[in-house]
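Each residue of the sequence shown is one higher than the one before, counting from 175 in our numbering.
Where is the CB? At the ideal position from N, CA and C, for every residue including glycine.
The structure appears below as structure tokens.
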Amino acid sequence: QKRAHSVDVPPECRKDIKAMKIKRRHGFITLEIDESSMALKTSKLGAKKATFSQFVSALPTKYCRYCIFEHSFTTKDGRPTSKAYFIIWNPRRASAHFQVS
């Protein structure tokens, strides 16, 4: 019988997420699970004005990631706004051992 494992979110990872979410310093962040410590760690931070294409090109083809992408756009009435998307990147080429479930 398999048991669920909890994953720790260390302070440095929380700091990166806060810098993106509140201070808007990054356009995206990708996170991975460090196998040895079972903790999240930041794998990439995107530039503040990063495009979706830049975000996609930063994703690995063989490894899974948790990602947050900040999409900036202009509403129909002309107001600039943005939305954050939480994405689970689970490529088909990833080993079953690394697949995010």
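- Ranked by Cα distance from S231, the options S211, I207 and I203 are led by I203.
- Note on Y259: under 16 other CB atoms within 10 angstroms of its CB, so exposed under the neighbour-count rule.
- In the DSSP assignment, A213 is bridged to D182 and D208.
- In summary, I262 is exposed, with fewer than 16 beta-carbon neighbours lying within 10 Å of its beta-carbon over all protein chains present.
- Under the three-state reduction of DSSP output, C241 falls in the strand class.
- Straight through space, the alpha carbons of K257 and D251 are spaced by roughly 17 Å.
- Only exposed fits D182, as fewer than 16 other CB atoms lie within 10 angstroms of its CB.
- Minimum Cα-Cα distance from S269 among the listed residues A224, K197, T235 and L205 corresponds to T235.
- Judged by their CB atoms, K222 and G201 are nearer to each other than the 8 Å cut-off.
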